[in-house]
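So the number in the working numbering is just where the residue sits in the first sequence, counting from 1, plus 212.
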Amino acid sequence: MQIQELNKEQQKAVNHIDGPMLVLAGAGSGKTKVLTNRIVNLIENGISPYNILAITFTNKAAKEMKDRVVRLIGKEAYNIQISTFHSLGLKILKENYSMLGYEKNFTIIDSDDVLTIIKKILKDKNMSKDRYNPREIKNKISSAKNEMMSIDSFAKVEFDHKVVEVYKEYQQKLKNGNSVDFDDLLILPIKLFRNYPRVLEEYQDRYKYILIDEYQDTNEAQYTFSKLLSAKYRNIFVVGDNDQAIYAFRGANYKNILNFEKDYPEAKTILLEENYRSTKTILNAANSVIKNNHERKDKNLWSNNATGNKIKYKEVANEKEEASFVGTEIKRLLSEGINEEDIAVLYRTNAQSRVIEEEMLKKNIKYRVVGSFYFYNRKEIKDLLCYLRLINNHKDDVSLLRVINTPRRGIGDKTIETLTEEATTRELSLYETISKGKELEFKNLIEDLTKASESLSLTELIDEILEKTGIKKELSTSKLLEDEIRLENLNEFKGVTKSYEEEYGTASLGDFLDEISLVSDMSEHQDSSNRVSLMTVHSVKGLEFDYVFIVGMEEGIFPHYNAINDGSNSAIEEERRLCYVAITRAKKELYITSADTRMLFGNPMRNQPSRFIDEIDKEYIDKERPKKLEKIITKVRKTVDKNATYEVGEHISHTEFGEGIVISVDKSIITVAFPHPIGIRKLMKGHPNITKL
DNA sequence: GAGACCGTCTTTTTT
DNA sequence: AGACGGTCTC
Ligand SMILES: Nc1ncnc2c1ncn2[C@@H]1O[C@H](COP(=O)(O)OP(=O)(O)OP(=O)(O)O)[C@@H](O)[C@H]1O
213 MQIQELNKEQ
223 QKAVNHIDGP
233 MLVLAGAGSG
243 KTKVLTNRIV
253 NLIENGISPY
263 NILAITFTNK
273 AAKEMKDRVV
283 RLIGKEAYNI
293 QISTFHSLGL
303 KILKENYSML
313 GYEKNFTIID
323 SDDVLTIIKK
333 ILKDKNMSKD
343 RYNPREIKNK
353 ISSAKNEMMS
363 IDSFAKVEFD
373 HKVVEVYKEY
383 QQKLKNGNSV
393 DFDDLLILPI
403 KLFRNYPRVL
413 EEYQDRYKYI
423 LIDEYQDTNE
433 AQYTFSKLLS
443 AKYRNIFVVG
453 DNDQAIYAFR
463 GANYKNILNF
473 EKDYPEAKTI
483 LLEENYRSTK
493 TILNAANSVI
503 KNNHERKDKN
513 LWSNNATGNK
523 IKYKEVANEK
533 EEASFVGTEI
543 KRLLSEGINE
553 EDIAVLYRTN
563 AQSRVIEEEM
573 LKKNIKYRVV
583 GSFYFYNRKE
593 IKDLLCYLRL
603 INNHKDDVSL
613 LRVINTPRRG
623 IGDKTIETLT
633 EEATTRELSL
643 YETISKGKEL
653 EFKNLIEDLT
663 KASESLSLTE
673 LIDEILEKTG
683 IKKELSTSKL
693 LEDEIRLENL
703 NEFKGVTKSY
713 EEEYGTASLG
723 DFLDEISLVS
733 DMSEHQDSSN
743 RVSLMTVHSV
753 KGLEFDYVFI
763 VGMEEGIFPH
773 YNAINDGSNS
783 AIEEERRLCY
793 VAITRAKKEL
803 YITSADTRML
813 FGNPMRNQPS
823 RFIDEIDKEY
833 IDKERPKKLE
843 KIITKVRKTV
853 DKNATYEVGE
863 HISHTEFGEG
873 IVISVDKSII
883 TVAFPHPIGI
893 RKLMKGHPNI
903 TKL
């Protein structure tokens, strides 16, 4: 195949057919483009679409890639398996559930449910929430699963045997409820492959050609998954960039990509060095930031594009002004005829989206929040989903508990406690245990709805649920504005199911629920055209926009406190890679903002501009900050004593807040208690305003 | 068993 | 500032 728009190295990668290959290259060098075109080339070389497996990092990326391949070769492309690891895992699970001891229609539980289950276990085991943080335990369990630890090997690294107990109990609960969590979608197929080599071979024969995008962010389980699948034919083609590894917190290990040549000694490697995406200015700025990372191989990445405008950096007083600045600039761009879909606003944490959203509404700018679970996390939507899940899988105790008394049916803690006890002793699900009373009425209701589900379309079923459960009646007779909004949301949800049905013909309940679990991102079910995109830096990986705003470029936000306080160099380096990803998303123009004060948990928080701003070479950035501020800031910067040390309990005095006591000391921040009404403040160590007493 | 009230905790990032 | 869980009263 000869494609006009490919350079020599890219062409080489595209034309490669058999054997392992690694494409290691920087941002915007065309890795994804190469991967997509290689799929096309494989097909043109007579390889069946059924034998091709392409793995992307997000569902969104999978969809985009599929669309692109369809455009290039037509409908045949629908037969290629293009998906995330998790979706593929689910597919394999659905084809083999009984071998793993599950039943048809198993439920995929979301992270909220995981937390609910863990909290419940902690309570049952009388483990106090102060000593055992449910969130932390959830992370521990998830990491253990992603490193494919058995309970025994987990017990070797986790010395608190009670935590091990929780892990055990958690697994048991899932199994009893015929449910799996996200991590299971990866590790159950691996278990299947290991226990049944014949099954593995079937899949190896099916997926003879494997392509993986964003390989630098694979974790242990994903790594093993791909290694097993590719072992027979060794036709594995991976692309990635170690400078864009940003998922270490999820167990991803960028060494997987650097070790590729060790794993597959016969592998060919291709490096791409030309960036086709960004202006010279933007690319050079990104390069000047990333070169501050020391745990990295330097690579050459250049652009032949125009020089372009300098990056605009604006320092403002607070997050409201920041949003307002972004809003005004976007308005200006739009008035110049630029399309909404070519603009993105990026932030480090989801919490930052709120102010921006409000501003978009205020200025009447059309936007969408990518990666927002907000809609599916609303109470009324979750309730409805739990009804659907319960109808789909009667053993789903988590869902049952959520809806058995919603709306109120007079089934309280007492009843539930008795039921739970009986269910545990008889080793049955709660649903199976129900045999009398108001609970039975509820069970009969679910039975009826289950029957109805067999002959109704998804949307009709939802209507039936809302009607028969009394949800609709309760909400429509209520006078509360809140309830009116709830009803509206439920209607919007019906819009989602309707468009889902239209897209896939008639849709099965199970398939729909799976889809929701895997992509509970409202923006993916919405039309994205003519909207400004708002998203975290993590979710923008792999995408590109003409105009990009990076907001909240402050110490404490980006890099985040937790990374700073972690004290490890690698945590900061990951933040820096994240910054590199953010900058390299921009094609034409980049804006960076920082706020001096930002509300955090209802308290104003002072932040310095991010170190990453200083790391951008002066020639690529135009800094704008209030004149007065400039003097104060440079003065403060010069006089901060980085080596100041404090001890908990020490008395200090602050020029503004008066005397206080140090209550905790972190890497660069101390927390100080001041007398009423000032209260608890976080201060920068060695700040000139602080005097030791 | 339902609803009101108060104190605590939250936010790092995602499939 | 807002969500959530625990406790108290009817
Ligand atoms: N040879 C080429 N000629 C012109 N444009 C190209 C060429 N190769 C890639 N591009 C364009 O460059 C942009 C970046 O490509 P792509 O998204 O594939 O890069 P990438 O390496 O996957 O980037 P990242 O790692 O940052 O996600 C795309 O708009 C693509 O169309």
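Note that CB positions come from ideal geometry on N, CA and C, so glycine has one too.
Since I believe glutamate 756 is in contact with arginine 489 (beta carbons under 8 Å), could you give me their beta-carbon distance rounded to a whole number of angstroms? 6 Å
Name the one or two DSSP bridge partners that phenylalanine 449 has. Met233, Leu423, per the DSSP bridge assignment.
With C-beta atoms as the reference, is phenylalanine 449 less than 9 Å away from glycine 301? no
Any chance the CB of valine 281 is under 8 Å from a heavy atom of ligand 2? As far as ligands go, the structure on display features ligand 1 and does not contain ligand 2.
Start-to-end residues for the beta strand (DSSP E) that takes in tyrosine 759: 757-762
Pairing CB atoms from the segment 803-816 with CB atoms from the segment 761-769, are three or more of them under 8 Å? yes
Among Lys306, Ile267, Leu254, whose alpha-carbon lies nearest the alpha-carbon of leucine 284? Leu254
Quick check: what's the CA-CA separation for lysine 275 versus leucine 412? 26 Å
Spatial neighbours of asparagine 308 in its chain, beta-carbon cut-off 7 Å, leaving aside the 5 residues before and after: Leu404, Val411
State the DSSP-derived secondary structure class of aspartate 608, mapped to helix, strand or coil. coil
Would you please state the rounded distance, in angstroms, between the beta carbons of aspartate 425 and tyrosine 459? I believe it to be under 8 Å. In this structure aspartate 425 does not touch tyrosine 459 by the C-beta definition: roughly 13 Å separates them, more than the 8 Å allowed.
Inspect the beta-carbon positions of valine 538 and phenylalanine 824 and report whether they are closer than 9 Å. no
Just the C-alpha distance for threonine 846 and threonine 857, rounded to the nearest angstrom, thanks. Only weak support exists for where threonine 846 lies, its pLDDT of 47 falling under 50; the value from the coordinates is given anyway. Distance between the alpha carbons of threonine 846 and threonine 857: 22 Å.
In or out: leucine 652 buried (at least 16 other Cβ within 10 Å) or exposed? exposed
Given 8 Å as the limit, tell me if glycine 520 has its C-beta closer than that to any heavy atom belonging to ligand 1. no
Below 8 Å on the Cβ atoms is my guess for aspartate 194 versus valine 326; work out the distance and round it to an integer in Å. Nothing can be reported for residue 194: it is not among the residues displayed for the chain, which extend from 213 to 905.
Please tell me whether isoleucine 229 and leucine 265 are closer than 9 Å, where the distance is taken between their beta carbons. no
For valine 376, which option in Ser391, Gly389, Lys357 has the closest C-alpha, if you only look at C-alpha atoms? Lys357
Could you give the distance in angstroms between the alpha-carbon of isoleucine 259 and the alpha-carbon of isoleucine 833? 49 Å
Between the C-alpha atoms of glutamine 564 and glutamate 478, what's the straight-line distance to the nearest angstrom? 47 Å
Measure the alpha-carbon distance for histidine 750 versus alanine 783 and round it to whole angstroms. 15 Å
With a CB to CB cut of under 7 Å and the five nearest residues on each side skipped, what residues in its chain are close to lysine 525? Reading off the sequence, residue 525 comes out as tyrosine, not lysine. Correct list, in chain order: Ile804, Ile825, Ile833, Asp834, Lys835, Glu836.
Under 8 Å by Cβ, that's how I've got lysine 374 and methionine 339 pegged, so tell me the actual separation to the nearest angstrom. 6 Å
Give me whichever residues DSSP pairs with arginine 893 in a beta bridge. Val884
What is the DSSP secondary structure of proline 401, reduced to helix, strand or coil? helix
Grab me the residues of leucine 642's own chain with a C-beta within less than 6 Å of its C-beta, minus the 5 sequence neighbours each way, in chain order. Asp609, Leu612, Leu631, Ala635
With C-beta atoms as the reference, is valine 744 less than 9 Å away from lysine 272? no
Give me, in chain order, the residues of the same chain whose beta-carbon lies closer than 6 Å to that of leucine 218; leave out the 5 immediate sequence neighbours on both sides. none
Which residue comes first and which comes last in the beta strand (DSSP E) that contains asparagine 496? Where asparagine 496 is concerned, there is no enclosing beta strand (DSSP E), although the alpha helix (DSSP H) it sits in stretches over 492-502.
Check whether the Cβ of valine 451 sits closer than 8 Å to any heavy atom of ligand 1, and report yes or no. Indeed, a heavy atom of ligand 1 lies less than 8 Å from the Cβ.
Is serine 641 near ligand 1, in the sense that its beta carbon is under 8 Å from a heavy atom of that ligand? no
My parser needs the alpha helix (DSSP H) runs of 4 or more residues fully inside the segment 322-384; what are they? 323-336, 346-358, 363-369
For glutamate 829 and asparagine 345, which I take to be in contact (beta-carbon distance under 8 Å), what is that distance rounded to the nearest angstrom? With the sequence shown as reference, residue 829 is identified as aspartate, and glutamate is not the correct amino acid for it. The pair is not a contact, with the Cβ atoms about 42 Å apart (cut-off 8 Å).
May I have the straight-line CA-CA distance separating histidine 899 from lysine 800, to the nearest angstrom? 39 Å
Between threonine 809 and the rest of its own chain, which residues show a CB-CB distance below 6 Å, the 5 nearest in sequence each way excluded? Asn530, Pro816, Arg818
Is asparagine 219 close to ligand 1? I mean its beta-carbon at under 8 Å from any heavy atom of the ligand. yes
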